[in-house]
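S.K.:
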Amino acid sequence: MGALLALASAVCYGLVDFTGGLLSRRVHFAAVTFLGQVGGLALACVAALLVTAPGVRPADLLWGALSGLGSGVAMHFLNRGLSRGAMSVVVPVSAVTGVALSVLCGVLVLGDRPGPLAWAGIAVTVPALWLVSGGGAGPGHAVTDGLLASAGVAVQYLALGQAGPDSGLWPVAAGRVAAVLLLLPAAAGHTGRLRLPPRRSAEALLIGAGAALGLILYLLAAQRQLLSVAVVLASLYPALPVILGLALLRERVGRGQAVGLIGAAAATVLLTLG
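Residue numbers (my numbering): 3 to 276.
#1: Return the CA-CA distance between A5 and G66, expressed in angstroms with no decimal places.
#2: Taking the alpha helix (DSSP H) that L228 falls in, what are its first and last residues?
#3: Where does P56 fall in DSSP's three states?
#4: Which same chain residues, not among the five before or five after V40, have their C-beta less than 7 Å away from its C-beta?
#5: Would you call P200 buried or exposed, if buried means 16 or more other Cβ atoms sit within 10 Å of its Cβ?
#6: Under the assumption that G123 contacts V234 (Cβ atoms under 8 Å), give the Cβ distance between them as a whole number of angstroms.
#7: So, at 6 Å on beta carbons, what are the nonlocal neighbours of Y239 in its own chain, with the 5 sequence-adjacent residues on each side left out?
#8: Closer than 6 Å by C-beta to E205: which residues in its own chain qualify, once you throw out the five before and the five after it? Chain order, please.
#9: Please report the straight-line C-alpha distance between A1 and L45, rounded to a whole angstrom.
#10: Measuring alpha carbon to alpha carbon, tell me which of A32, G83 and V53 ends up nearest F20.
#11: How about L184 and L80: are their beta carbons less than 7 Å apart?
#12: Just how far apart, CA to CA, sit A241 and T193?
#13: Which of the three DSSP states, helix, strand or coil, is assigned to H30?
#14: Are the Cβ atoms of A213 and V18 separated by less than 7 Å?
#15: Just verifying my parser: in three-state terms, what is the DSSP assignment at L238?
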C-alpha cells in the first residue's frame, strides 16, 4: 500500500508540474507559485479536519512547517525554470538531485536500511531520470533552477517524513501556512503580478491543491514505507510531464529519454518488490 500511495503522489506531482509549467508560460511564475500555495492551504486544511488525528504534537507541526518552507523554495525555482520553457530539463534535474539528497540523508542520518531489490531500484532511478531529462543538456539557468529546486524538494520530503502518524494531515496544513508566509513578502511587493484573470487564478489555485494532494499521499506513504523508498517512488514524477508532452504537445522523445522511461518503470517494479 505504501508503494502505491507513493506512486499516486508521483502522478499528482507530474500533473502539477505539467499544468503549472504551461500556466507559468502564460502568466508570471510568482503568481502561479503564491496562489498555488494558497490553494494548497485550503485543501490541506479541509483534509486535515476530515482525517482523525489522535495526537498532534508541536514537533509534528514544526516538521510540517519546515517541509512547507522546502516546498515554497522548490515551487518558486521550479516554476521559474518552467516559465523559461525548460520543462524537460528543470523538472528531472530537480528530481534527480532531490532524490539523491533525500536517500543519502535517509540512510546516513535516519538509519533507513533498504533491501537489495530496493537498492537496485534506487541505483536505476537516478540515471533513468537523468536520461529522461535529456542527459541534463539545456540552458545553464534551467539547470541552476533545477538544482535550487532540488534542495527544497529534499527538505520537503525529509521533514514531512518525520511527522508522527498520529498527527493526521495537520503537518501538511502547517507546511502550507509556512509556504504562504515565506512567499507573502515577495507577493506583497509585486501585487500587480497577482492580478490575474479569474480563470487563470482558478487554475493556479487548483494546481496548488493538486500539489497538496501529492504531499498528503506522500505523507501516508512515508508512514507505511521506508522513507528512502517512498522518496524515490514519489520522485518518479518527471516521467509524466515527458509522456504528456509527447501525447498532448506532440513533443519528440529521444532514444536516451525512451531508455530513461523504461529504466524508471523498472525502478518502480524493483522498489515496489523491495
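Ideal Cβ positions, reconstructed from N, Cα and C, are used throughout, including at glycine. None of the values given here were measured: they were computed from a predicted structure.
M.R.: Reading from the atomic positions:
#1: Start at 1 with the first residue of the sequence shown, and residue 5 comes out as number 3. Start at 1 with the first residue of the sequence shown, and residue 66 comes out as number 64. Near 21 Å, if we compare the C-alpha coordinates of G66 and A5.
#2: Your numbering for residue 228 matches position 226 in the sequence shown. Taken as a continuous stretch (DSSP letters only), L228 belongs to no alpha helix (DSSP H), as it is neither H nor E.
#3: The residue you call residue 56 lines up with position 54 of the sequence shown. Coil, per DSSP.
#4: Against the sequence shown, residue 40 aligns to sequence position 38. Contacts found: V182, L207 and G210.
#5: Here residue 200 refers to the residue found at position 198 when the sequence shown is read from its first residue. That one is exposed.
#6: As a first step, residue 123 is located in the sequence shown; it is residue number 121 there, counting from the start. As a first step, residue 234 is located in the sequence shown; it is residue number 232 there, counting from the start. Rounded to whole angstroms, the Cβ separation of G123 and V234 is 7 Å, and the two are in contact under 8 Å.
#7: Residue mapping note: residue 239 aligns to position 237 of the sequence shown, counting from 1. Cβ within range, chain order: A12, Y15 and G16.
#8: For the purposes of this step, residue 205 is taken as the residue at position 203 of the sequence shown. Result list for E205: L25, in chain order.
#9: Residue 1 lies beyond the residue range present for the chain, which begins at 3 and ends at 276; the question has no answer from this structure.
#10: Position 18 of the sequence shown, counted from the start, is the residue given in the question as residue 20. Taking only the C-alpha atoms, the option nearest F20 is G83.
#11: By 1-based counting over the sequence shown, the position of residue 184 is 182. By 1-based counting over the sequence shown, the position of residue 80 is 78. Taking C-beta atoms as the reference points, L184 and L80 fail to come closer than 7 Å.
#12: Looking up residue 241 in the sequence shown gives position 239. Looking up residue 193 in the sequence shown gives position 191. When rounded, the separation of the alpha-carbon atoms in A241 and T193 is 34 Å.
#13: The count along the sequence shown starts at 1 and reaches residue 30 at position 28. If DSSP states are grouped into helix, strand and coil, H30 belongs with coil.
#14: Counted from its first residue, the sequence shown places residue 213 at position 211. Counted from its first residue, the sequence shown places residue 18 at position 16. Their beta carbons are under 7 Å apart, which means A213 touches V18 by this criterion.
#15: Locating residue 238 in the sequence shown gives position 236, where the first residue counts as 1. Coil at L238, not helix or strand.
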